[in-house]
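Comments concern the structure below.
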Ligand code: ARG
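Residue numbers (UniProt numbering): 1 to 458.
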């Protein structure tokens, strides 16, 4: 049991208490950030004349050797230390002796952990952003390739109007694009350095907090030392943004599961991304999509948990806050894993264009266009709606699509119909007539694709 604070105690900590209190089993994952923060701290202490240049050099060398040894596996982070901060400091003192004892001058573990968590999260936000970007690149490629791949668009999971696969993928493009902009916002807002806030009330040493912030690529120092050590807003924001990413992935998963079903057969998931059944030899299951949908609950859980943990905490630091880490780490790992897997699955998935177009034809998705045809020939919309309703009923009875009716059959229900009705309700016309901004028509989609290409290049 290695602790940084034995001085005022007369008894050893109870073993159960020690284990309950310790965080090394999970905070060891930010050893690199802890060392990076310490190097910046001593660099600033030396600049301010609080440490000598020689002490600074010795400490930095020692810290770098710890980092190297952890990285190459010669130094193991073991649970005999209370947390990662104690591990690094104890090892430093072992390696360089007395100079190592000066590392913690003008610092508390409260501002240290606040810094480490920010450094760690900042790195992870960049990774999340690049995974989101990869997803957007796959989506944009699908959009470019499928401008004329017709499929039914749904409302209430009922076939509604024809769209294209490009348009459907474009909807997800917008969602993940918003997710990226949320990541960017969070990064910007959180990017202020808490180091130098001490335990809660700053310190009496003449620290140059602006310099430390600059060394660690922050936009500046935080402005209230009590808030600095107890702010976990950015983690809540990140959990919320990740919950939204997962919600998008989960909706997408649900669609893939439906599209992959025997009834739909709109897609075929690549063998590398599907699994079989131990009993039913014919099965090829969409387990990845199902797991992504399932893991969404885990990330939502982390958000609820941290909000609940934070709600009753008086200023400033309280140990409750140590609970932030496992929730956030798990949610980050889960979201990153799901993004990477889903993108891989999407990239290798085969879309069955024939089935999709057939499905759009047979669901009366062109009924609105048939009504619009009548309106264009002078029939009031409400009457047109009624006439097309009769057409649909007739077709259902005969088991045919609108396009399969003869002109005589059309005329029997309304004499307004002429030969050009077939062109007016063809899949191509239904989609191509829709060219307002954001609509599925090819010209409209091409404009969007050009704008999104610029966005991805920027
Ligand atoms: N392991 C602690 C945490 O994650 C570090 C801060 C400890 N500070 C303290 N005053 N006990 O929050």
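Ideal Cβ positions, reconstructed from N, Cα and C, are used throughout, including at glycine.
{"Asked": "For a test of your reading of the model: does the CB of residue 109 fall under 6 Å from any non-hydrogen atom of ligand 1? Yes or no.", "Found": "yes"}
{"Asked": "To the nearest angstrom, how far is it from the Cα of residue 50 to the Cα of residue 218?", "Found": "22 Å"}
{"Asked": "How many Å lie between residue 178 and residue 29 at the Cα?", "Found": "29 Å"}
{"Asked": "What are the boundary residues of the alpha helix (DSSP H) that residue 33 is part of?", "Found": "31 to 47"}
{"Asked": "On the three-pair Cβ rule with 8 Å, is the region 30 to 48 touching the region 207 to 216?", "Found": "yes"}
{"Asked": "Which residue comes first and which comes last in the beta strand (DSSP E) that contains residue 153?", "Found": "150 to 155"}
{"Asked": "List the endpoints of the continuous alpha helix (DSSP H) containing residue 390.", "Found": "381 to 398"}
{"Asked": "Tell me whether residue 308 sits in a helix, a strand or coil according to DSSP, three-state version.", "Found": "helix"}
{"Asked": "Mind reading off the beta-carbon distance from residue 373 to residue 412? Whole number of angstroms is fine, and I expect it under 8 Å.", "Found": "Not a contact, Cβ separation roughly 16 Å."}
{"Asked": "So, helix, strand or coil for residue 282, using DSSP?", "Found": "coil"}
{"Asked": "When burial is assigned at 16 or more other CB atoms within 10 Å of the CB, is residue 17 buried or exposed?", "Found": "exposed"}
{"Asked": "Confirm the yes/no value for this check: CB of residue 233, any heavy atom of ligand 1, distance under 6 Å.", "Found": "no"}
{"Asked": "Just curious, the beta strand (DSSP E) that residue 158 is in, first and last residue?", "Found": "158 to 164"}
{"Asked": "Identify the residues that DSSP records as bridge partners of residue 268: which are they?", "Found": "350"}
{"Asked": "Return the first residue and the last residue of the alpha helix (DSSP H) that residue 85 is part of.", "Found": "84 to 96"}
{"Asked": "In this structure, how does DSSP classify residue 172 when only helix, strand and coil are distinguished?", "Found": "helix"}
{"Asked": "Assuming contact is defined by CB atoms lying nearer than 7 Å, are residue 253 and residue 292 in contact in what I supplied?", "Found": "yes"}
{"Asked": "Hey, quick one: how far does the alpha helix (DSSP H) through residue 430 stretch, first residue to last?", "Found": "427 to 432"}
{"Asked": "Rounding to the nearest angstrom, what Cα-Cα distance links residue 204 and residue 99 in this structure?", "Found": "20 Å"}
{"Asked": "Name the two residues that bound the continuous alpha helix (DSSP H) containing residue 11.", "Found": "From DSSP, residue 11 is part of no alpha helix (DSSP H); its letter is neither H nor E."}
{"Asked": "Taking the alpha helix (DSSP H) that residue 407 falls in, what are its first and last residues?", "Found": "407 to 413"}
{"Asked": "At which residues does the alpha helix (DSSP H) containing residue 275 begin and terminate?", "Found": "It is not in any alpha helix (DSSP H) - residue 275 carries neither H nor E in the DSSP assignment."}
{"Asked": "Might you give, ordered along the chain, the residues of its own chain that have their beta carbon closer than 8 Å to the beta carbon of residue 352, omitting 5 neighbours on each side?", "Found": "265, 266, 267, 268"}
{"Asked": "I need the DSSP call for residue 81, collapsed to helix, strand or coil.", "Found": "strand"}
{"Asked": "Please confirm whether any heavy atom of ligand 1 lies closer than 6 Å to the CB of residue 321.", "Found": "yes"}
{"Asked": "What separation, rounded to the nearest whole angstrom, lies between the Cα atoms of residue 180 and residue 339?", "Found": "12 Å"}
{"Asked": "Identify the residues that DSSP records as bridge partners of residue 194: which are they?", "Found": "Paired residue(s): none; residue 194 is not in a bridge."}
{"Asked": "What residue from 421, 171, 200, 440 has the CA that sits closest to residue 147's CA?", "Found": "440"}
{"Asked": "Over what stretch of residues does the alpha helix (DSSP H) that includes residue 448 continue unbroken?", "Found": "442 to 457"}
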